[in-house]
Amino acid sequence: FAFAQIKGDVCLVQGAPSPSTNTAPSALMVADVNVFRHEFITLFRFSYSASVHPSDMQILEPIDEAQMLYEEDKGTVSLARDVMARLQKLTLAAR
1187 FAFAQIKGDV CLVQGAPSPS TNTAPSALMV ADVNVFRHEF ITLFRFSYSA
1237 SVHPSDMQIL EPIDEAQMLY EEDKGTVSLA RDVMARLQKL TLAAR
């Protein structure tokens, strides 16, 4: 999981699992991500999957697994409050 800027919007993304290949990732390859929308205080809910060209997405900050709780069956992610404070700063900086 990471905070990323996709086409100007700061959001929470998860790199979607990709099939095993023998080729190294390239800056020219499209990235498949799951995008989560902010729902309530520290809670995010799965919104959509997207294939994003590298020129349309910038990873702003990876999120440590110890700072989040991902409930895949519910499609929700809860983030620690200090992570949310960093998200607020990233969002303000993006404007």
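Okay, so the sequence shown: first residue is 1187 according to this note's numbering, each after it adds one. Every residue, glycine too, gets a C-beta built ideally from N, C-alpha and C.
- Task: Assign Gln1244 to one of two classes, buried (16 or more other C-beta atoms within 10 Å of its C-beta) or exposed (fewer than that).
- Result: Taking the first residue of the sequence shown as position 1, residue 1244 is located at position 58. Residue burial annotation: Gln1244 is exposed, with fewer than 16 other C-beta atoms found within 10 angstroms of its C-beta.
Beta-carbon within less than 8 angstroms of Met1215's beta-carbon, same chain only, minus the 5 sequence neighbours each way: which residues are those?
Position 29 of the sequence shown, counting from 1, holds the residue named residue 1215. Within the same chain, Met1215 has close Cβ partners Pro1240.
Point to revise | Asp1259 versus Phe1232, Phe1187, Ala1266 and Asp1218, residue with shortest Cα-Cα distance | key: Numbered from 1 along the sequence shown, position 73 holds the residue referred to as residue 1259. Closest option to Asp1259, Cα to Cα, is Phe1232.
Q) Roughly how many angstroms lie between the CA atoms of Val1238 and Val1219, to the nearest whole one? A) Translated into the one-based positions of the sequence shown, residue 1238 becomes position 52. Translated into the one-based positions of the sequence shown, residue 1219 becomes position 33. The straight-line gap from Cα to Cα measures roughly 7 angstroms.
Inset, instruction - Look at the alpha carbon of Gly1201 and the alpha carbon of Ala1217, and state the distance between them as a whole number of angstroms. - result: To locate residue 1201, count along the sequence shown from 1; it is residue 15. To locate residue 1217, count along the sequence shown from 1; it is residue 31. Using only the alpha carbons, I get a separation of about 8 angstroms.
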